[in-house]
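S.K.: What follows is a single structure, and I will ask about it in a moment.
2 protein chains.
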Amino acid sequence: MKIYIAVVGLGYAGLPLAIEFGKKFNTFGYDINSKRILELKKGIDRNLQSTKKEINKSTKLQFTMNISDIKKCNFYIISIPTPITKNKKPDFKLLKSVSRAIGKIINNGDFIVYESTVYPGATKEICIPILEKYSNLQCVFSDAKNNSNNSGFFVGYSPERINPGDKKHTLKKIIKITSGSNKYSSNFINKIYSKIIDAGTYNVQSIEVAEAAKVIENIQRDVNIALINELSMIFKKLNIKTTDVLKAASTKWNFLNFAPGLVGGHCIGIDPYYLIKKAYDIGHTPKIISAGRKINDEMTKFIFKNFISLMIAKKIEIKESKVLIMGLTFKENCPDYRNSKVIDLINFMIKKEINVHVYDPFIPSIKGIFKNKVKVISNLKEKNYDGVIISVAHDQFRKIGIEKIKKITKNISVIYDLKSIFVSKQVDDSL
Amino acid sequence: MKIYIAVVGLGYAGLPLAIEFGKKFNTFGYDINSKRILELKKGIDRNLQSTKKEINKSTKLQFTMNISDIKKCNFYIISIPTPITKNKKPDFKLLKSVSRAIGKIINNGDFIVYESTVYPGATKEICIPILEKYSNLQCVFSDAKNNSNNSGFFVGYSPERINPGDKKHTLKKIIKITSGSNKYSSNFINKIYSKIIDAGTYNVQSIEVAEAAKVIENIQRDVNIALINELSMIFKKLNIKTTDVLKAASTKWNFLNFAPGLVGGHCIGIDPYYLIKKAYDIGHTPKIISAGRKINDEMTKFIFKNFISLMIAKKIEIKESKVLIMGLTFKENCPDYRNSKVIDLINFMIKKEINVHVYDPFIPSIKGIFKNKVKVISNLKEKNYDGVIISVAHDQFRKIGIEKIKKITKNISVIYDLKSIFVSKQVDDSL
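Residue numbers (our numbering), protein chains in the order written: chain Y, 1379 to 1809; chain X, 1379 to 1809.
This is the structure in structure tokens:
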């Protein structure tokens, strides 16, 4: 069988996949975002993950925003965001609409592999029925059948594990979990992925195990950061420096190095809500997962309050003070500010009529977010700020150095180094 | 100054300390438990931590239960348990009574170092005032003073980090945190400990930082196990094997390997309550630390219910069934069953009129705990049990092997392998 791959959704997870598959198989990279497709055709990845050279190396890859181009494919990989609603419930809108679109074009014997993070059971409960409905075909679950029967399609789940901004753990270097709706498809899907993943694949017992494995990875991170955030709240009240305590605890061989901070983005701050929803559905009230989310969501206000206290302690007038926010992205060394908690922090400041400037080398403009109330700057002017919050640990801020940052502040001012990137004596406070 | 060391409390933390100090300094190992002292004088450590040979190598060490013997010491190390009350509040009774006893015998220039786990602030708020009261001396906090002034005593805190049953991470191989009431004492205490710790010492800014560092180590472990326990409760309802999911997730480079299980003993299940208490005192309601404790405490009932369901599914009459509990200790390869949650599990069974036998190679007898309702056995009889719960992952159970365990069960019976020490196909269920 000749394989034609379609990667549906070309974001942080989809693009690297499309590029790697396009080195080995005839591959279509499909996205509904026409701007993205036009840029990618020119070799430009605005996420700064892949270079033009890397994109061009993928000689069998074609980018398209035309769904009819991928009709002839027989191996579909769905890699689209699974966000949450305003009420923090799983938002399956995109996943459902893509499943409808793919359902309409698949044929007997085709493979459809989902990569989006969901709760265990979602692929079978939500995606497969839609595929069946719109294709008028059946998903094959029986181990007795393989695609030579030509009677139905196969579904798999292989969770994306991309770590945005991480140049070390890239797609090929991260072991990939694979699964399928029956044994035949599980093995087949595993074989296809194994062609591009140098680190190897890990084929699991069921789609549900694969779904569960992915969602708990991010939950574990969320809960661990939440614990450190809770400790940092307690230690603040006790007048103990959290960084001192963490450094000391880290001298034990099995202490886990997590740091306090804002948890935003489209993974760690989102995925736990998927399992929380499923847990409630089956009658289990999650305690620790929910507590983790609650604490991490509270951090923005905690940071804001701390900053205001630091200003007041120095008798700086809050209203119309000038504050520089260094870093807007949800994570260091990454241009992504979707669901960045720094945005919430800035919104708290706007309410207090603070004049906020944002400096983030990864973000040249922020049209629309703050209704023109926030200025994005690219030059740091001396003696300009009543306060500076270093909110993201971009490597570039370390390069700028604390001396330069001190120079841009007024004589009486506050430097709040959330991520402890500078020595604590050099700044007013950190988390 | 000639150093005479007294180690007060010769449990899991105190004995190894006394032995190591006794190789370099004149050392007294003091305990109020006369049985323990008589055994130690014969070179017998019932905790199986130290061999007779190791004890004998400590040529400058003397064991005593007579407090007047340690009057002449000038460096006191307090290493006694800090348990919780029935209401799960810190129980400082022992720490207070020892502080009183030591307060009565200390002199100007003496050092008193606490090793017991407490919340940050406890040494200064609870121990030092008692030492001052009973000694009629002052604790020196000022950096200007050192012991040549001869006007007051010095206090330090150096948390014990002993890992019971762990033959790799022993006292000398674990970095030791040190601190003191002023700079002079902090350095001095650090110097004394550095003589016996091969891994090195880590001198911290204050007693509070040292206290905080210790308590969060165990909290982090408690919370991480609680998360996995919560996941295991959810996955059980979803009919997904937790071990399958954990194995899959562990193929990611940064997934942390924790396993579900009972959390008992005198550290992980206890220490979080100390920080919880302090947090409430200062007006902070801990969310994640408390959620962790709650889940881990609920595990016993969860396990009991699962076991009963497994029995019912096989139509085994619960009442007067015969069940073997393999492992009573709070941890594998360790003879300590203080606060072991297996005891609670057995108590649930007794209530259901199940005939419980206990097999634990580390525990020859359990006088008094179960009012003669539970039999401790040392021989495994064939075709004897309706159910077996492998509750502790003692290496010896692995050596016995699942085939032998199957032989001791009746034709229709349940094997519940809590710690997944055997292949899942070989047992009825695991966590």
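Built from N, CA and C at the ideal position, the CB exists for glycine as well.
Of all the residues that make up the stretch 1637 to 1660 of chain X, which are near chain Y by a beta-carbon distance shorter than 8 Å?
M.R.: Of all residues in the stretch 1637 to 1660 of chain X, 1653, 1656, 1657 and 1660 have a Cβ within less than 8 Å of some Cβ in chain Y.
S.K.: Assuming residue 1562 (chain X) is part of the alpha helix (DSSP H), what are its boundary residues?
M.R.: One-based indexing of the second sequence puts residue 1562 (chain X) at position 184. 1561 to 1572 is the extent of the alpha helix (DSSP H) around residue 1562 (chain X).
S.K.: If you draw a straight line from the alpha carbon of residue 1485 (chain Y) to that of residue 1508 (chain Y), how long is it in whole angstroms?
M.R.: The count along the first sequence starts at 1 and reaches residue 1485 (chain Y) at position 107. The count along the first sequence starts at 1 and reaches residue 1508 (chain Y) at position 130. Their Cα atoms are separated by approximately 14 Å.
S.K.: I'd like the ranges of any alpha helix (DSSP H) spanning at least 4 consecutive residues and lying wholly in the stretch 1417 to 1456 of chain Y.
M.R.: Counting only runs of 4 or more, we get 1430 to 1435.
S.K.: Let me know if residue 1427 (chain X) comes out buried or exposed under the rule of 16 or more other beta-carbons within 10 Å of its beta-carbon.
M.R.: The residue given as residue 1427 (chain X) occupies position 49 in the second sequence. Result: buried.
S.K.: Alpha carbon to alpha carbon, how far is residue 1795 (chain X) from residue 1808 (chain X)? Give it in angstroms, no decimals.
M.R.: Walking along the second sequence from the start, residue 1808 (chain X) turns up at place 430. Walking along the second sequence from the start, residue 1795 (chain X) turns up at place 417. Whole-angstrom Cα-Cα distance: 5 Å.
S.K.: Examine chain Y for any beta-carbon lying closer than 9 Å to the beta-carbon of residue 1496 (chain X), and answer yes or no.
M.R.: Counted from its first residue, the second sequence places residue 1496 (chain X) at position 118. Chain Y contact via Cβ: absent.
S.K.: Using 9 Å as the threshold, is the C-beta distance between residue 1656 (chain Y) and residue 1445 (chain X) below it?
M.R.: Along the first sequence, one-based indexing puts residue 1656 (chain Y) at 278. Along the second sequence, one-based indexing puts residue 1445 (chain X) at 67. Cβ atoms of residue 1656 (chain Y) and residue 1445 (chain X): not closer than 9 Å.
S.K.: Which residue comes first and which comes last in the alpha helix (DSSP H) that contains residue 1727 (chain Y)?
M.R.: Position 349 of the first sequence, counting from 1, holds the residue named residue 1727 (chain Y). First-last of the alpha helix (DSSP H) with residue 1727 (chain Y): 1719 to 1729.
S.K.: Could you check where the alpha helix (DSSP H) with residue 1680 (chain Y) kicks off and where it finishes?
M.R.: Position 302 of the first sequence, counted from the first residue, corresponds to residue 1680 (chain Y). Residues 1666 to 1691.
S.K.: Nearest by alpha-carbon distance to residue 1659 (chain Y): which of X:1750, X:1616 and X:1712 is it?
M.R.: Taking the first residue of the first sequence as position 1, residue 1659 (chain Y) is located at position 281. The shortest Cα separation from residue 1659 (chain Y) among X:1750, X:1616 and X:1712 belongs to X:1616.
S.K.: Who are residue 1492 (chain Y)'s beta bridge partners in DSSP?
M.R.: Residue numbering aside, residue 1492 (chain Y) sits at position 114 when the first sequence is read from its first letter. Bridge partners of residue 1492 (chain Y): Y:1456 and Y:1535.
S.K.: Between the Cα of residue 1632 (chain X) and those of Y:1455, Y:1478 and Y:1541, spot the shortest distance and give me the residue it belongs to.
M.R.: Within the second sequence, residue 1632 (chain X) is the residue found at index 254, counting from 1. The option with the nearest alpha carbon to residue 1632 (chain X) is Y:1541.
S.K.: Which of helix, strand or coil does DSSP assign to residue 1498 (chain Y)?
M.R.: As a position in the first sequence, residue 1498 (chain Y) is number 120, starting the count at 1. Coil, per DSSP.
S.K.: At which residues does the beta strand (DSSP E) containing residue 1655 (chain X) begin and terminate?
M.R.: Your numbering for residue 1655 (chain X) matches position 277 in the second sequence. Counting along the chain, residue 1655 (chain X) falls outside any beta strand (DSSP E), though it belongs to the alpha helix (DSSP H) covering 1649 to 1659.
S.K.: When you compare each of X:1385, X:1711, X:1767 and X:1399 to residue 1550 (chain X) by their alpha carbons, which one comes out closest?
M.R.: The sequence position of residue 1550 (chain X) within the second sequence is 172, counting from 1. Ranking X:1385, X:1711, X:1767 and X:1399 by Cα distance to residue 1550 (chain X) puts X:1399 first.
S.K.: Is residue 1805 (chain X) helix, strand or coil by DSSP?
M.R.: Against the second sequence, residue 1805 (chain X) aligns to sequence position 427. Residue 1805 (chain X) falls in the coil class under three-state DSSP.
S.K.: Residue 1507 (chain X) by DSSP, collapsed to three states: which one?
M.R.: Translated into positions along the second sequence, residue 1507 (chain X) becomes position 129. Reduced to three states, the DSSP call for residue 1507 (chain X) is helix.
S.K.: Quick one: list the residues of chain Y neighbouring residue 1611 (chain X), beta-carbon separation under 7 Å, in chain order.
M.R.: In the second sequence, residue 1611 (chain X) corresponds to position 233, counting from 1. Under the 7 Å cutoff, chain Y gives 1662.
S.K.: Considering just the uninterrupted stretch of the beta strand (DSSP E) at residue 1702 (chain Y), what are its terminal residues?
M.R.: For the purposes of this step, residue 1702 (chain Y) is taken as the residue at position 324 of the first sequence. Looking at the DSSP string, the run of the beta strand (DSSP E) that includes residue 1702 (chain Y) is 1700 to 1704.
S.K.: Would you kindly work out how many angstroms separate the C-alpha atoms of residue 1482 (chain Y) and residue 1513 (chain Y), rounded to a whole number?
M.R.: Sequence index remark: in the first sequence, residue 1482 (chain Y) carries index 104 (1-based). Sequence index remark: in the first sequence, residue 1513 (chain Y) carries index 135 (1-based). Approximately 5 Å, taken between the alpha carbons.
S.K.: Cβ closer than 7 Å: which chain X residues qualify as neighbours of residue 1629 (chain Y)?
M.R.: In the first sequence, residue 1629 (chain Y) corresponds to position 251, counting from 1. The contacting residues are 1553, 1555 and 1580.
S.K.: Return the CA-CA distance between residue 1789 (chain Y) and residue 1765 (chain Y), expressed in angstroms with no decimal places.
M.R.: For this step, residue 1789 (chain Y) is matched to residue 411 along the first sequence. For this step, residue 1765 (chain Y) is matched to residue 387 along the first sequence. Those two C-alpha atoms are separated by around 10 Å.
S.K.: Helix, strand or coil: which one does DSSP assign to residue 1581 (chain X)?
M.R.: Start at 1 with the first residue of the second sequence, and residue 1581 (chain X) comes out as number 203. Strand at residue 1581 (chain X).
S.K.: Check the Cβ of residue 1587 (chain X) against every Cβ in chain Y and list those closer than 8 Å, keeping chain order.
M.R.: Here residue 1587 (chain X) refers to the residue found at position 209 when the second sequence is read from its first residue. 1618, 1619, 1622, 1623 and 1626, listed in chain order.
S.K.: Closest Cβ-Cβ distance between residue 1604 (chain X) and chain Y: below 9 Å?
M.R.: Position 226 of the second sequence holds residue 1604 (chain X). Yes, its Cβ sits closer than 9 Å to a Cβ of chain Y.
S.K.: Starting from the beta carbon of residue 1590 (chain X), find every residue of chain Y whose beta carbon is closer than 7 Å, and list them in chain order.
M.R.: Residue numbering aside, residue 1590 (chain X) sits at position 212 when the second sequence is read from its first letter. What residue 1590 (chain X) touches in chain Y: 1613, 1618 and 1623.
S.K.: Can you give me the Cβ contacts of residue 1722 (chain Y) inside the same chain, cut-off strictly under 7 Å, excluding the 5 residues immediately before and after it?
M.R.: Your numbering for residue 1722 (chain Y) matches position 344 in the first sequence. Excluding positions up to five away in sequence, the list reads 1678.
S.K.: Just by C-beta distance, which residues in the stretch 1421 to 1435 of chain X are closer than 8 Å to chain Y?
M.R.: Going along the stretch 1421 to 1435 of chain X in chain order, one finds no residue with a Cβ nearer than 8 Å to chain Y.
S.K.: Are the CB atoms of residue 1670 (chain Y) and residue 1605 (chain Y) nearer to each other than 9 Å?
M.R.: Position 292 of the first sequence, counting from 1, holds the residue named residue 1670 (chain Y). Position 227 of the first sequence, counting from 1, holds the residue named residue 1605 (chain Y). Cβ atoms of residue 1670 (chain Y) and residue 1605 (chain Y): closer than 9 Å.
S.K.: Along chain X, in chain order, which residues have C-beta atoms closer than 7 Å to that of residue 1710 (chain Y)?
M.R.: Indexing the first sequence from 1 puts residue 1710 (chain Y) at position 332. Those do not exist, as residue 1710 (chain Y) stays about 16 Å from chain X at its closest Cβ, beyond 7 Å.
S.K.: Beta carbon of residue 1386 (chain Y), beta carbon of residue 1456 (chain Y): below 9 Å?
M.R.: Translated into positions along the first sequence, residue 1386 (chain Y) becomes position 8. Translated into positions along the first sequence, residue 1456 (chain Y) becomes position 78. Contact: yes.
S.K.: Determine, using beta carbons only, whether residue 1710 (chain Y) and residue 1637 (chain Y) come nearer to each other than 9 Å.
M.R.: Stepping through the first sequence from its first residue, residue 1710 (chain Y) is reached at position 332. Stepping through the first sequence from its first residue, residue 1637 (chain Y) is reached at position 259. Not a contact, by the Cβ cut-off of 9 Å.
S.K.: Taking only beta carbons into account, state which residues of the stretch 1438 to 1466 of chain Y come closer than 7 Å to chain X, listed in chain order.
M.R.: Cβ contacts with chain X: none found.
S.K.: Examine the Cβ distances between the stretch 1752 to 1769 of chain Y and the stretch 1728 to 1742 of chain Y and report whether three or more of them are shorter than 8 Å.
M.R.: The stretch 1752 to 1769 of chain Y vs the stretch 1728 to 1742 of chain Y: in contact.
S.K.: Within 10 Å of its beta-carbon, does residue 1742 (chain X) have 16 or more other beta-carbons around it, so buried, or fewer, so exposed?
M.R.: For the purposes of this step, residue 1742 (chain X) is taken as residue 364 along the second sequence, with counting starting at 1. Exposed: under 16 other Cβ atoms inside 10 Å.
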